[in-house]
Amino acid sequence: MAQIEQLLKYQSEDEKLLRLERETANSDERKNYSQAKAFLTKAPEKLEGLEAKANELTKLLEQLNKQYSDIYETLQDFENLDELIDGGADISFYKKNVLQITERLKSIKAEVAALTKSIKDADEEYQSMKKKTIAVQKQYAEYAETYKAYKESKLAEMNAIKAQLEKLAAGIAPDVMQRYLSKRNERIFPILCAVSNGRCSKCGTELSLSAKEKIESGQPTECDNCHRFLYKEQ
Ligand SMILES: [Zn+2]
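The sequence shown begins at -3 in the numbering used here and counts up by one.
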């Protein structure tokens, strides 16, 4: 019985530590700090990607502009259309050609306009990302400092609890303590649960006869399903 009682005392002290740990993990101080950190970790890659995109679009635009001037030049060949007609050439053939080329030029012009807009957007996105990165860099130092101070403010309280836990652990068999701590690491909490109507009160699994006997004698017994330590409700 003593083991379980000691474990229960340990757990109730441990719960205070867990509350502080969760408070710290969920604090705005930590969130600000880790968000800024995550942003800055990804920022260089993102900036590089945006720059590469803008470069690629610019190259495409250059190609398109070249295409436009090449075709435009071809159109100049039709300047002396009148002479060709006078010479007895088939006018419908030339007319059709000029029309086709003009259509192609129109469509390239539209593509150029769309691409120019995309480049402008990409550049704006890059600039705003750069601006944000610089701002977050400044914030990050501040957030890191604030978070550090916040953690330090909790330290005294946490250390007092840890000292208490150490004292309580001295009265618990090392192997039982080890099992408790590994459950704690697996984020199982509470680690000890009362037995209610022959079942684990946490998950409802029915206890075997031998488990019931062990609990009666106060030995640390685990639930077959959720692996929590079970104890007889007082
Ligand atoms: Zn259970």
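Positions of the beta carbon are idealized from the N, C-alpha and C atoms, including for glycine.
- Secondary structure note for K228: it is in no alpha helix (DSSP H), and the uninterrupted beta strand (DSSP E) holding it is F225 to K228.
- No Cβ-Cβ contact shorter than 8 Å links L4 with P216.
- Taking 8 Å as the upper bound for CB-CB distance, L43 and Y146 are not in contact here, some 30 Å apart.
- Residue environment analysis places Q96 among the exposed positions, since fewer than 16 neighbouring C-beta atoms fall within 10 angstroms of its C-beta.
- One alpha carbon belongs to F35, the other to A140, and they sit about 14 Å apart.
- Three or more beta-carbon pairs separated by less than 8 Å are not found between the segment 12 to 24 and the segment 204 to 212, which leaves the two stretches without contact.
- Per DSSP, the beta-bridge partners of T217 are L226.
- Spatial neighbours of V108 in its own chain (CB-CB distance under 6 Å, excluding positions within 5 residues in sequence) are listed in chain order as L60.
- In this structure, the alpha-carbon of V191 lies about 33 Å from that of E153.
- Per DSSP, reduced to three states, the secondary structure at R100 is helical.
- When K198, K150, Q133 and D220 are compared, the shortest CA-CA separation from L13 is found for K150.
- At the C-beta level, G214 and I0 come within 8 Å of one another.
- By DSSP's assignment, R183 forms no beta bridge with any residue.
- According to DSSP, residue pairing for R195 in a beta bridge involves S192 and E202.
- Residues whose Cβ lies closer than 6 Å to any heavy atom of ligand 1, listed in chain order: C196, K198, C199, T201, C219, N221, C222 and R224.
- Taking 8 Å as the cut-off, the Cβ atoms of S124 and L53 do not count as close.
- Here R15 is exposed, its C-beta having fewer than 16 other C-beta atoms within 10 Å.
- For Q135, the closest alpha carbon among the candidates N28, Q7 and D10 is that of N28.
- Residue state for G167 is assigned as coil, using DSSP reduced to three classes.
- Sequence-distant Cβ neighbours of K198 in its own chain, meaning closer than 8 Å and more than five residues away, are P186, C189, C219, C222 and R224.
- In the structure shown, the three-state DSSP call for S124 is helix.
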